[in-house]
Amino acid sequence: LEKCSVLAWRNWKQLGTRMPVCSPLQVPALGLHVGGPAMQTSQKDFNNAVSQLKLLKEDPGNEVKLKLYALYKQATEGPCNVPKPGMLDFINKTKWDAWNALGSLSKEAARQNYVDLVSKLSASSESPSPEAPAADKKQPESDSLVVTSGDGITTIRLNRPTKKNALTTQMYHDIIAALQAASKDESPITVLTGAGEDFLLERELNKNFKILRIKSKFHSRLLRCRVIIMDFVNCFIDFPKPLVAVVNGPAVGISVTILGLFDVVYATDRATFHTPFSHLGQSPEGCSSYTFPKIMGSSKAAEMLLFGKKLTAQEACAQGLVTEVFPDSTFQKEVWARLKAYSKLPPNAMRISKQIIRDREKEKLHAVNAEESNVLRERWLSDECMNAIASFLSRKSKL
């Protein structure tokens, strides 16, 4: 199958349309014109589009190539009229499924859709700065979060470097929206990272403590806060694609605990990992009460979650929380080069492999997340938690 895919791509620009390197497990949906303007597309326009396709500078992706193949066949031969290939003939079966899915779409309508799609690809290719995919445009704009797509990677970047990328309530919502959009876009890999010198810090305590001291307001917001955090963690549990954390600096709190839900974690050698829950009168979150003992053993997990031991990048790697550590001077260059190479792997193969690895534990993780959220809510209500946070903020103000 891999050999067939390579050959198909090499021949694509010469053949124009007979090039669908696509997973046999996914036939993308087509948005089609079925009448009206479709009748106005001439054979000359269609032939020009076929020629224009060969001039594209970048690979448009497997799903788009499969769409083009199906539309070309429908435009030149009409509805699918060949026997269905056998189940083991993956590539030809996928091509057949895509063509057959067009049903009775007329040749004229297929020509129109083919011309429209090639025009969009050409316009995107000629743009001086590549547009983000449609999924990115639907995400809420936020100065605190930057989402970009390119080279087969969707990057979600925390963008509050002057605040050490500390999370606000709105940022929780924005990250949830970004993950939901990324789960549906065409990028095979999704990355979470931070801008500046820090990866991500725990929630802003100053702002939360002002609410906490006003009991009536605190109680009214407490349930909403619990739900937001639970939904936030659930998005990581359910994310269907390879999910990579690029830890560019110190990480504190939930940014550390959710690492057990990532598929790969790369860290700079100056990163640290700190979970000071007991210091703040709080309890573990991000499913860490389950994932950490499983990853590093109960004793090492307890040292982090109960006593708040801060790990260096090398220690976190030795304990299995981090996949690999890179020198800070070459961190960005090495990590992104590797991720770009990984993004060229067959996307559905990666999805299915992740599904096999992760699915059997999803139910357990959701249960753990719900339990941790309930316990955390009770901790927030306790005098011990309020006193611990007040003490922490008092020490911080004196620094």
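In the working numbering, the protein residues as written are 1036 to 1434.
Quick reminder that beta carbons are idealized off the backbone N, C-alpha and C, glycines included.
Everything numeric in this text was worked out from a predicted model, so none of it was measured.
According to DSSP, what are the bridge partners of F1361? Position 326 of the sequence shown holds residue 1361. Partner(s): T1303.
Where does S1290 land, buried or exposed, given buried means 16+ other C-beta within 10 angstroms? Along the sequence shown, one-based indexing puts residue 1290 at 255. By the neighbour-count criterion, in which 16 or more other beta carbons inside 10 Å mark a residue as buried, S1290 falls on the buried side.
Between the Cα of E1221 and those of P1311, V1150, P1381, spot the shortest distance and give me the residue it belongs to. Taking the sequence shown and counting its residues from 1, one reaches residue 1221 at position 186. It is P1381.
Best match in D1363, T1307, P1328, T1365 for proximity to K1344 [C-alpha to C-alpha]: By 1-based counting over the sequence shown, the position of residue 1344 is 309. If you compare the alpha carbons of D1363, T1307, P1328, T1365 with that of K1344, the shortest gap goes to T1307.
Among the candidates E1232, S1334, T1358, E1320, whose CA atom is the shortest distance from the CA of D1266? Position 231 of the sequence shown, counting from 1, holds the residue named residue 1266. Closest in alpha carbon position to D1266, among E1232, S1334, T1358, E1320, is E1320.
Compute the beta-carbon to beta-carbon distance between N1194 and V1181, rounded to the nearest angstrom, for a pair I have assumed lies under 8 Å. Walking along the sequence shown from the start, residue 1194 turns up at place 159. Walking along the sequence shown from the start, residue 1181 turns up at place 146. N1194 to V1181, Cβ: 5 Å. Contact.
Does the beta-carbon of G1284 have 16 or more other beta-carbons within 10 angstroms, so that it is buried, or is it exposed? Along the sequence shown, one-based indexing puts residue 1284 at 249. With 16 or more other Cβ atoms within 10 Å, it is buried.
Can you check whether the C-beta of A1280 is within less than 8 Å of a C-beta belonging to chain C? In the structure shown, chain C does not exist; there is a single protein chain.
Please report the straight-line C-alpha distance between R1414 and A1105, rounded to a whole angstrom. The sequence position of residue 1414 within the sequence shown is 379, counting from 1. The sequence position of residue 1105 within the sequence shown is 70, counting from 1. Taking the straight line from one Cα to the other gives about 57 Å.
Mapping the DSSP letters down to three states, classify G1295 as helix, strand or coil. Start at 1 with the first residue of the sequence shown, and residue 1295 comes out as number 260. Here G1295 sits in helix by DSSP.
Does A1436 come out as helix, strand or coil in the three-state DSSP assignment? Since the first residue of the chain shown is 1036 and the last is 1434, residue 1436 is not available in this structure.
Start and end residues, alpha helix (DSSP H) containing L983: Summary: the structure shown does not reach residue 983, with the chain confined to residues 1036 through 1434, and so no result is reported for it.
Segment limits, alpha helix (DSSP H) that includes L1180: Residue mapping note: residue 1180 aligns to position 145 of the sequence shown, counting from 1. Premise fails: L1180 lies in the beta strand (DSSP E), 1180-1185, not in any alpha helix (DSSP H).
Residue burial classification, G1288 (beta-carbon count within 10 angstroms, cutoff 16): The count along the sequence shown starts at 1 and reaches residue 1288 at position 253. The residue is buried, with at least 16 neighbouring Cβ atoms inside 10 Å.
In chain order, what residues of the same chain have a beta carbon less than 6 Å from the beta carbon of V1069, not counting five sequence neighbours either side? Position 34 of the sequence shown holds residue 1069. With a pLDDT of 49 at V1069, under the threshold of 50, the predicted position of this residue should be treated as unreliable, though the coordinate-derived value follows. Cβ neighbours of V1069 beyond the five flanking positions: A1144.
Give me the DSSP bridge partner(s) of F1427. Mapped onto the sequence shown, residue 1427 falls at position 392. Residue pairing by DSSP leaves F1427 without any beta bridge partner.
With 16 other Cβ atoms within 10 Å as the buried cut-off, status of G1138: Position 103 of the sequence shown, counted from the first residue, corresponds to residue 1138. Only exposed fits G1138, as fewer than 16 other CB atoms lie within 10 angstroms of its CB.
By alpha-carbon positions, which one of S1408, H1314, A1302 ends up nearest to E1368? Position 333 of the sequence shown, counted from the first residue, corresponds to residue 1368. The residue you asked about is not Glu; residue 1368 is Lys in the sequence shown. Across the set S1408, H1314, A1302, the C-alpha of A1302 shows the shortest separation from the C-alpha of K1368.
Let me know the secondary structure DSSP gives V1117 once reduced to three states. Within the sequence shown, residue 1117 is the residue found at index 82, counting from 1. Coil at V1117, not helix or strand.
Which residues share a DSSP beta bridge with F1081? For this step, residue 1081 is matched to residue 46 along the sequence shown. Beta-bridge pairing links F1081 to no other residue.
Taking the Cβ atom as the reference point for each residue, do I1202 and L1152 lie within a distance shorter than 8 Å? Counting from one through the sequence shown, the residue named residue 1202 turns up at place 167. Counting from one through the sequence shown, the residue named residue 1152 turns up at place 117. The sequence shown places Leu at residue 1202, rather than the Ile named in the question. Cβ distance not < 8 Å, so L1202 and L1152 don't count as in contact.
Nearest neighbour of P1095, chosen from L1411, T1129, D1186 [CA to CA]: Along the sequence shown, one-based indexing puts residue 1095 at 60. It is D1186.
Just to confirm my understanding: we take V1279, look at its own chain, exclude 5 residues before and 5 after, and list those with CB closer than 8 Å. What are they? Taking the sequence shown and counting its residues from 1, one reaches residue 1279 at position 244. Answer for V1279: I1224, T1225, V1226, L1227, F1297, D1298, V1299, V1300, Y1301, L1374, listed in chain order.
Extract the residue ranges of the beta strand (DSSP E) inside the stretch 1301-1344, only unbroken runs of 3 or more that lie entirely within it. As far as the stretch 1301-1344 is concerned, its whole beta strand (DSSP E) runs of at least 3 residues are 1307-1309.
Same chain only: Cβ atoms within 8 Å of K1276, ignoring 5 sequence neighbours per side: Working through the sequence shown from its first residue, we reach residue 1276 at position 241. A1217, S1218, S1222, P1223, I1224, T1225, P1382, M1385, R1386, K1389, listed in sequence order.
In or out: D1209 buried (at least 16 other Cβ within 10 Å) or exposed? To locate residue 1209, count along the sequence shown from 1; it is residue 174. Buried, by the Cβ-count rule.
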